[in-house]
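In UniProt numbering, the protein residues as written are 1 to 363.
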């Protein structure tokens, strides 16, 4: 059922607005209202939190349409700010879980929703938290069905880690639509061989296919940002690529490969793997050319490398290195050369020597 966008003017004053400032007829926030609410709350947008508030009703409705939000959807929003996009999502009849790191904003949001869209108040819940530290649906404290859509104007200074955290911790997500800095959008949607292809491209591709979904002008923000903005759409409707162990191993080898992106994989991985022999074994098991570079590999090749990491760690060719502060594996550590030789096979010695010579040329 299509919901009407024409609303009866709400004659009640929004408690977050100064006296005399009336809510708009649409229920959404315009430029004057955004600034008035910010003034009433004593909010000054800060670069530390990446705050740029959208004040154009057409823009937030466009974002909601691009995200495919419909009545009955379960949506997560990160960084709702003053509530511009929140209200547009609620307008569709969807239910919204929001994560806001700024305490005054988190406290004011329920008042804004209650005053401007009282019929939607029971479909909105916000938690005051760092989105990168949210562990899952239990952290919201509401007994709602799991979320299937993420729609957000992400804080530009932490857009990639926030997006990856949400994708990791909410496996029920099937559709994602986020607004980010234009350069970040290029990186998220880039393919192998592209100048902008890198770690964010690979890690997001683990979850699904990312694509640019449009650009957003600077004039719809307050304050006006110094960078261009773009929408990125991600569909996560396929089968999971693997379990958590495989994801971590894949991301780990991706980080190492792009740490020295202009080097061949053999040269880039040898120190991390513990020896040229171990790096050569990893690439061989994964079926990846040792002379290839990380920037040329797609997500499927990186997943094969991740599987090879797990396989070789299981047989002792690669050893997990544990961070003593966290107790978590943070990479591979040097291994006993005798064990490596035995695991790789006696005839691998000559190949390892050749690999060392080639590494010198690659470095």
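Note that beta-carbon positions come from the ideal geometry of N, C-alpha and C, so glycine has one too. Because the structure is a prediction, the values reported are computed rather than measured.
- Task: Kindly indicate which three-state DSSP category residue 234 falls into: helix, strand or coil?
- Result: To locate residue 234, count along the chain shown from 1; it is residue 234. Three-state DSSP puts residue 234 in a strand.
- Query: What does DSSP give as the partner residues of residue 259 in its beta bridges?
  - Reply: Taking the chain shown and counting its residues from 1, the one referred to as residue 259 is at position 259. According to DSSP, residue 259 bridges with nothing at all.
- Item | Strand pairing of residue 414, partner residues [DSSP] | For residue 414 there is no data in the structure shown, the boundaries of the chain being 1 and 363.
- Query: Looking at the structure shown, is residue 219 part of a helix, part of a strand, or coil, going by DSSP?
  - Reply: Position 219 of the chain shown, counted from the first residue, corresponds to residue 219. Residue 219 falls in the helix class under three-state DSSP.
- Is residue 151 closer than 8 Å to residue 63 when the C-beta atoms are compared? On the chain shown, position 63 is the one that residue 63 refers to. On the chain shown, position 151 is the one that residue 151 refers to. Yes. Within cutoff.
- With DSSP as the reference, label residue 144 as helix, strand or coil. Counting from one through the chain shown, the residue named residue 144 turns up at place 144. The answer is coil: DSSP assigns residue 144 none of H, G, I, E or B.
- Task: Verify whether the separation of the beta carbon atoms of residue 196 and residue 73 is less than 8 Å.
- Result: Within the chain shown, numbered from 1, the residue matching residue 196 stands at position 196. Within the chain shown, numbered from 1, the residue matching residue 73 stands at position 73. No.
- Message: In the DSSP output, what is residue 149 paired with across the bridge?
- Response: One-based indexing of the chain shown puts residue 149 at position 149. As DSSP reads the structure, residue 149 sits in a beta bridge with 75 and 175.
- Pick helix, strand or coil for residue 211, following the three-state DSSP scheme. Position 211 of the chain shown, counting from 1, holds the residue named residue 211. The DSSP-derived three-state label of residue 211 is strand.
- Going by DSSP, what residues sit across from residue 181 in a beta bridge? Position 181 of the chain shown, counting from 1, holds the residue named residue 181. Paired residue(s): 229.
- Query: Quick one: Cα of residue 33 to Cα of residue 132, how far?
  - Reply: In the chain shown, the residue the question calls residue 33 occupies position 33. In the chain shown, the residue the question calls residue 132 occupies position 132. Rounded to the nearest angstrom, the gap between the Cα atoms of residue 33 and residue 132 is 30 Å.
- Quick one: measure Cβ to Cβ for residue 296 and residue 193, integer angstroms, because I've assumed they're closer than 8 Å. Working through the chain shown from its first residue, we reach residue 296 at position 296. Working through the chain shown from its first residue, we reach residue 193 at position 193. For a cut-off of 8 Å, the C-beta gap from residue 296 to residue 193 is around 6 Å, short enough to register as a contact.
- Message: Please classify residue 226 as buried or exposed, where buried requires at least 16 other C-beta atoms within 10 Å of its C-beta.
- Response: Mapped onto the chain shown, residue 226 falls at position 226. By the neighbour-count rule (16 or more Cβ atoms within 10 Å), residue 226 is not buried but exposed.
- Task: Using 10 angstroms around the beta-carbon of residue 83, count the other beta-carbons present and answer buried if the total reaches 16, otherwise exposed.
- Result: As a working mapping, residue 83 is identified with position 83 in the chain shown. The residue is buried, with at least 16 neighbouring Cβ atoms inside 10 Å.
- Which residues share a DSSP beta bridge with residue 98? Position 98 of the chain shown, counted from the first residue, corresponds to residue 98. The partner list for residue 98 (beta bridge, DSSP) reads 77 and 126.
- Item | residue 306, enclosing alpha helix (DSSP H) - first and last residue | In the chain shown, counting from the first residue as 1, residue 306 sits at position 306. Residues 299 to 314.
- Query: With 16 as the cutoff for other CB atoms within 10 Å, does residue 201 come out buried or exposed?
  - Reply: Taking the first residue of the chain shown as 1, we reach residue 201 at position 201. Buried is the call here.
- Check whether the Cβ atoms of residue 235 and residue 208 sit closer than 8 Å, and answer yes or no. For this step, residue 235 is matched to residue 235 along the chain shown. For this step, residue 208 is matched to residue 208 along the chain shown. Cβ atoms of residue 235 and residue 208: closer than 8 Å.
- How many angstroms separate the CA atom of residue 121 from the CA atom of residue 279? Taking the chain shown and counting its residues from 1, one reaches residue 121 at position 121. Taking the chain shown and counting its residues from 1, one reaches residue 279 at position 279. Between the alpha carbons of residue 121 and residue 279 lies a gap of roughly 56 Å.
- Message: Rounded to the nearest angstrom, what separates residue 156 and residue 217 at their Cα positions?
- Response: Position 156 of the chain shown, counted from the start, is the residue given in the question as residue 156. Position 217 of the chain shown, counted from the start, is the residue given in the question as residue 217. About 15 Å.
- Message: Restricting to Cα atoms, I'd like to know which of 143, 140 and 114 is closest to residue 86.
- Response: The residue given as residue 86 occupies position 86 in the chain shown. Ranking 143, 140 and 114 by Cα distance to residue 86 puts 114 first.
- Short check: CB of residue 177 to CB of residue 210, under 8 Å? As a first step, residue 177 must be located in the chain shown, where it is residue number 177. As a first step, residue 210 must be located in the chain shown, where it is residue number 210. With respect to residue 210, residue 177 sits apart: the two C-beta atoms are not nearer than 8 Å.
- Task: Please report how far the alpha carbon of residue 266 lies from the alpha carbon of residue 293, in whole angstroms.
- Result: Numbered from its first residue, the chain shown carries residue 266 at position 266. Numbered from its first residue, the chain shown carries residue 293 at position 293. Cα-Cα distance, rounded: 9 Å.
- Alpha carbon of residue 125 to alpha carbon of residue 139, nearest angstrom: Translated into positions along the chain shown, residue 125 becomes position 125. Translated into positions along the chain shown, residue 139 becomes position 139. Within the model, the alpha-carbon separation for residue 125 versus residue 139 is close to 11 Å.
- Message: Along the chain, where does the alpha helix (DSSP H) containing residue 139 start, and where does it finish?
- Response: Residue 139 sits at position 139 when you count from the first residue of the chain shown. Here residue 139 belongs to no alpha helix (DSSP H), and DSSP marks it neither H nor E.
- Cα-Cα separation, residue 204 to residue 166: Taking the chain shown and counting its residues from 1, one reaches residue 204 at position 204. Taking the chain shown and counting its residues from 1, one reaches residue 166 at position 166. If I take the Cα positions, the gap works out to 11 Å.
- Task: In angstroms with no decimal places, state the Cα-to-Cα distance between residue 316 and residue 105.
- Result: Counted from its first residue, the chain shown places residue 316 at position 316. Counted from its first residue, the chain shown places residue 105 at position 105. About 51 Å.
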